[in-house]
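Working notes, structure below.
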Amino acid sequence: MSARLDRYGPWALVTGASDGIGQATAQRLAALGFSLLLVARRADRLAMLAAELRAAHGVTVQCLALDLGTEAGLATLRHESAAHDVGLLVAAAGFGTSGPFLAAPLREELAMLDVNCRAVLALTHEFGNRFAARGHGGIVLFSSLVAFQGVPHAAAYAATKAFVQSLAEGIAPELRARGVDVLA
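For any residue, its number in the numbering used here is found by taking its place in the sequence shown, counting from 1, and adding 564.
Right, dumping it as structure tokens:
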């Protein structure tokens with residue numbers, strides 16, 4: 565068993581796993597031997613990735629097609645993940661908008677806030693509590709270079725990443741004392 569499996573446990577939860585950084589992270593974790601709980605909105609993409617990971621690495625993979633921008637999606641994830649010994653949370657789900665702030669549809673900006681901030685906060689709180697209760701675990705949150713300054717034509721996106729960065733920096737010392745690693 566790898567040192568990472570010893571430290572975090574057999575299961576990793578990866579949100580945003582159907583594409584991009586989330587998908588790449590899932591592939592790397594499977595290569596390390598983690599069983600995976602993969603979450604994204606696109607069931608077909610998740611199923612293809614799961615089949616690929618099972619075949620290449622012989623790991624157990626469960627997929628949940630959920631919208632983490634909704635309370636129903638978060639509730640389903642909390643419920644479904646309880647059956648697994650998840651020791652590593654990789655919160656890679658997110659999206660960005662661009663263009664002039666005042667021209668942006670408010671509905672899209674709020675949806676981005678729900679996924680990039682609200683869901684990250686809810687999952688970090690849920691799994692942070694689980695991990696702290698058992699004395700070990702890891703949380704990986706995805707910030708961005710734009711987290712460190714306002715960015716014209718991506719102001720709301722940059723603000724969501726500033727939230728994630730600040731959250732990670734704030735909770736890292738708190739959770740380290742409880743055996744939980746936090747990385748942004």
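Note that the Cβ used here is the ideal one computed from N, Cα and C, for glycine as well.
1. Let's test the definition: count the other Cβ atoms within 10 Å of the Cβ of D678 and tell me whether it reaches 16, buried, or not, exposed.
2. If I measure Cβ to Cβ from Q626 and keep anything under 6 Å in the same chain, skipping five residues before and after, which residues do I get?
3. I need the DSSP call for Q587, collapsed to helix, strand or coil.
4. Using the beta-carbon count (16 or more within 10 Å), is Q587 buried or exposed?
5. Could you tell me which uninterrupted beta strand (DSSP E) segments, each at least 3 residues in length, are contained entirely in the segment 648-687, listed from first to last along the chain?
6. Could you spell out where the alpha helix (DSSP H) holding L641 opens and where it closes?
7. Output the distance between the C-alpha atoms of D631 and V684, rounded to the nearest integer angstrom.
8. Residues in the same chain with beta-carbon distance under 7 Å from L613, minus the five sequence neighbours each way, listed in chain order, please.
9. Does DSSP classify G692 as helix, strand or coil?
10. Determine the extent of the alpha helix (DSSP H) in which R739 is found, giving its start and end residues.
11. Please state the DSSP three-state secondary structure of L593.
12. Please state if the CB of P574 and the CB of D649 are separated by a distance shorter than 8 Å.
13. How would you write the range of the alpha helix (DSSP H) that L617 sits in, first residue to last?
14. What's the C-alpha gap between R597 and D570?
15. In terms of alpha-carbon separation, which member of R606, L674, L687 lies closest to A646?
16. Below 6 Å CB to CB, which residues in the same chain sit around A732 once its five sequence neighbours on both sides are set aside?
17. Tell me whether S708 is buried or exposed, calling it buried when 16 or more other Cβ atoms sit within 10 Å of its Cβ.
18. Am I right that M676 and F659 are in contact with their C-beta atoms under 8 Å? What's the rounded C-beta distance?
According to the structure data:
1. Classified as buried, D678 has 16 or more neighbouring CB atoms from the shown chains inside 10 Å of its CB.
2. Contacts found: L601.
3. In the structure shown, Q587 sits in a helix (DSSP, three-state: H, G or I).
4. By the neighbour-count criterion, in which 16 or more other beta carbons inside 10 Å mark a residue as buried, Q587 falls on the buried side.
5. Those beta strand (DSSP E) runs which fall completely within the segment 648-687 and span 3+ residues are 650-655.
6. For L641, the enclosing alpha helix (DSSP H) has its first and last residue at 635-645.
7. Between D631 and V684, the alpha-carbon positions lie close to 13 Å from each other.
8. A581, S582, Q587, A590, L602.
9. Note: G692 maps to helix in three-state DSSP.
10. Reading the sequence as shown, one finds Leu at residue 739 and not Arg. 719-740 is the extent of the alpha helix (DSSP H) around L739.
11. Helix at L593.
12. Contact flag set, yes.
13. Counting along the chain, the alpha helix (DSSP H) containing L617 begins and ends at 607-621.
14. Checking the sequence, you will find Gly at residue 597 rather than Arg. Near 11 Å, if we compare the C-alpha coordinates of D570 and G597.
15. Residue L687 holds the alpha-carbon nearest to the alpha-carbon of A646 among R606, L674, L687.
16. Correct list, in chain order: L705, V746, A748.
17. Buried.
18. Their Cβ separation, rounded to whole angstroms, is 6 Å, which keeps M676 and F659 in contact under 8 Å.
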